[in-house]
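Reviewing the structure listed below.
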Amino acid sequence: MLILTRRISETLIIGEGDDAIRVQILGVNGSQVRVGIDAPKHIAVHREEVYDRIQAEKKSA
1 MLILTRRISE TLIIGEGDDA IRVQILGVNG SQVRVGIDAP KHIAVHREEV YDRIQAEKKS
61 A
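Just so we're aligned, residue 1 is where the sequence shown starts under full-length UniProt numbering, counting upward by one.
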């Protein structure tokens with residue numbers, strides 16, 4: 001796992017070209033971090049608990 005430190009309004013870029021995903025730190029409030037994600041429409045973005053639920057539903061179907 002790559003560990004990076006970012007400040008508010010700083011951005012990470014994952015991938016390159018038209019498939020690049022931009023992750024921006026929008027704010028920090030105590031232990032919560034607001035993250036903005038700009039990804040191509042064909043790439044799904046989910047919180048982990050939502051992703052896990054989707055995967056469990058696919059398994060049971």
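All C-beta atoms in this analysis are idealised placements derived from N, C-alpha and C, irrespective of residue type, glycine included.
Limits of the unbroken beta strand (DSSP E) element including residue i
| i | result |
| --- | --- |
| V23 | I21 to N29 |
| V35 | Q32 to D38 |
| I14 | T11 to I14 |
7 Å Cβ cutoff met for residue i and residue j
| i | j | result |
| --- | --- | --- |
| I13 | R22 | yes |
| I54 | V45 | no |
| E25 | E49 | Rather than Glu, the amino acid found at residue 25 in this sequence is Ile. No, Cβ-Cβ distance for I25 and E49 is not below 7 Å. |
Boundaries (first-last residue) of the alpha helix (DSSP H) holding residue i
| i | result |
| --- | --- |
| I54 | E48 to S60 |
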